[in-house]
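Student: Residues in the sequence shown are numbered consecutively from 100, following my numbering. Even for Gly, the Cβ is constructed at its ideal location relative to N, Cα and C.
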Amino acid sequence: MGPLLSIEKQLLYLLASGDGAGSGASVSRLVEVYEARGISHQIVRNALSKLKKDGYAESAERSRYKATPLGEEFIRIINAKPGLYGKEWDGQWCMVMFEIPESERRRRDSFRSELLQLGFGSLYKSVYVSPWDYREEVIRLALQCEVTEYITVTNTRIVHNGITPEKAASLWPLEELQELYREKERWFREGLEPALTELEAAGTGTGGGLPLFVLFLELGEVIAELGLRDPMLPDPLLPEAWTGKLLLGQFQACLRRIALAIPEQSPYRPFVAHFLGR
Numbered sequence: 100m101g102p103l104l105s106i107e108k109q110l111l112y113l114l115a116s117g118d119g120a121g122s123g124a125s126v127s128r129l130v131e132v133y134e135a136r137g138i139s140h141q142i143v144r145n146a147l148s149k150l151k152k153d154g155y156a157e158s159a160e161r162s163r164y165k166a167t168p169l170g171e172e173f174i175r176i177i178n179a180k181p182g183l184y185g186k187e188w189d190g191q192w193c194m195v196m197f198e199i200p201e202s203e204r205r206r207r208d209s210f211r212s213e214l215l216q217l218g219f220g221s222l223y224k225s226v227y228v229s230p231w232d233y234r235e236e237v238i239r240l241a242l243q244c245e246v247t248e249y250i251t252v253t254n255t256r257i258v259h260n261g262i263t264p265e266k267a268a269s270l271w272p273l274e275e276l277q278e279l280y281r282e283k284e285r286w287f288r289e290g291l292e293p294a295l296t297e298l299e300a301a302g303t304g305t306g307g308g309l310p311l312f313v314l315f316l317e318l319g320e321v322i323a324e325l326g327l328r329d330p331m332l333p334d335p336l337l338p339e340a341w342t343g344k345l346l347l348g349q350f351q352a353c354l355r356r357i358a359l360a361i362p363e364q365s366p367y368r369p370f371v372a373h374f375l376g377r
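(1) Would you say valine 313 and isoleucine 250 are within 8 Å of each other, going by their C-beta atoms?
(2) Does the distance from the C-beta atom of proline 330 to that of tryptophan 271 stay below 8 Å?
(3) For serine 365, count the other beta carbons within 10 Å of its own beta carbon; 16 or more makes it buried, fewer makes it exposed. Which is it?
(4) Between the Cα of isoleucine 197 and those of Ile238, Pro338, Ile174, spot the shortest distance and give me the residue it belongs to.
(5) If you measure between the beta carbons of glycine 218 and tryptophan 231, is that distance less than 8 Å?
(6) On a Cα-Cα basis, can you pick out the residue from Glu299, Glu317, Ile262, Ala294 that is closest to lysine 108?
(7) Would you kindly work out how many angstroms separate the C-alpha atoms of methionine 100 and arginine 328, rounded to a whole number?
(8) What separation, rounded to the nearest whole angstrom, lies between the Cα atoms of leucine 183 and leucine 311?
(9) Taking just the CA atoms, how far does isoleucine 138 sit from valine 252?
(10) Do you know offhand how far serine 209's Cα is from glutamate 297's?
(11) Got a sec? Which residues, its chain only, sit under 6 Å from valine 130 by beta carbon, not counting five neighbours each side?
(12) Going by the CB atoms, is the gap between alanine 124 and tyrosine 155 shorter than 8 Å?
(13) Excluding sequence positions up to five away, which residues of its chain have a Cβ less than 8 Å from the Cβ of tyrosine 233?
(14) Serine 76 to glutamate 134, Cα distance in whole Å?
(15) By Cβ distance, which residues of its chain are closer than 8 Å to isoleucine 176, with the 5 residues on each side in sequence left out?
(16) So what does tryptophan 192 bridge to, in DSSP terms?
(17) For arginine 368, report the span of its beta strand (DSSP E) as first-last.
(18) Start and end of the beta strand (DSSP E) containing serine 221?
(19) For glutamate 324 and serine 105, what's the separation of their Cα atoms in angstroms?
(20) Please classify valine 258: is it buried, with 16 or more other beta-carbons within 10 angstroms of its beta-carbon, or exposed?
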C-alpha cells in the first residue's frame, strides 16, 4: 500500500461525503464530474479500483463505491490537519523510534513515508518527532504497515538540545513549503478568484452548479496537497516571515464561499453538505 495519488485522495473524499443518492457515490456521477475537469473515465475507474484494492473503498452495490472505515479515517486526518494552525502547543513532542530489519525494507519505507505525510520530521536516524499528539494515528499506521513490533511511541518534553525555529527549518522543508505557498497564491489570485467572480456574475446556477463544483474540487485539491506537505508547526517553531498559516486560512474561506454558492437543488450539493456541516 503506497501513498495515494491526488485523484485517489479526492475521490476518497467524495466517497466519504456521498452523492445524496445512497451510501457513497455512483461511478457515473464521479465520471461526469471528472470529465468536466478533462480527466477520462478510465482514469477515474482505475483510481476507484486502486482505492478498493488498498482497502480505502468498497463496492457494496453495482456501480457505486463508498469509503471504508480506513478511508474515512484517512479523510478525517487530512481534514483535521489544517486546524492545527489554530491550536495552542503544550510544548510536548510526539516521538516515534523504530528499528525495522532490512528484510522488511518495503514495510519500513512505507511506514516512514506515512510518518512524513502525517507531519513528522526526522530528528535522528529512525527517530521522528511532531509537536502534535499523533500517538493513536502512529499506532494505526504501524498496524497498517505491519511494523508494530519494531516501533516505540511516546509523548515527551525535550530537556536538552531542544528544537528551535532554526533547527525546525532543518527538520522540515520550510523554505520549499514557503515557495509552494507562493506558487499556489499566484494560481489563486490569477486563476481561481477571477474564474469564481465570473461564475458568480453569470449566476451560480450555471451548468447545474457543475462549474462551481469543479472549482471547489480544484481548490480542495490544492488545500489537500498543502495539508499533506505542511507539518502545520505551532507559532513558536515557525520563521517570522511564514505566510502559510494566513494563506491556508484564505483558501479555506474561499472553499466555503464556493460550497455555499452551489445551488441547494444541484446534484453536486450533497458532495459539499458535510463540509458545510449540514
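Tutor: On the basis of the coordinates in this document:
(1) no
(2) yes
(3) buried
(4) In the sequence as displayed, the identity of residue 197 is phenylalanine instead of isoleucine. Comparing Cα positions, the closest option is Ile238.
(5) yes
(6) Glu317
(7) Confidence is the limiting factor: at methionine 100 the pLDDT is only 49, short of 50, which leaves the residue's position unreliable, though a coordinate-based value still follows. Using only the alpha carbons, I get a separation of about 19 Å.
(8) 28 Å
(9) 41 Å
(10) 43 Å
(11) His140, Val143
(12) no
(13) Cys193, Leu217, Gly218, Phe219
(14) Any answer about residue 76 is impossible in this case: the structure gives the chain only from 100 up to 377.
(15) Leu217, Glu236
(16) Thr255
(17) Taken as a continuous stretch (DSSP letters only), arginine 368 belongs to no beta strand (DSSP E), being part of the alpha helix (DSSP H) at 368 to 372.
(18) 220 to 223
(19) 8 Å
(20) exposed
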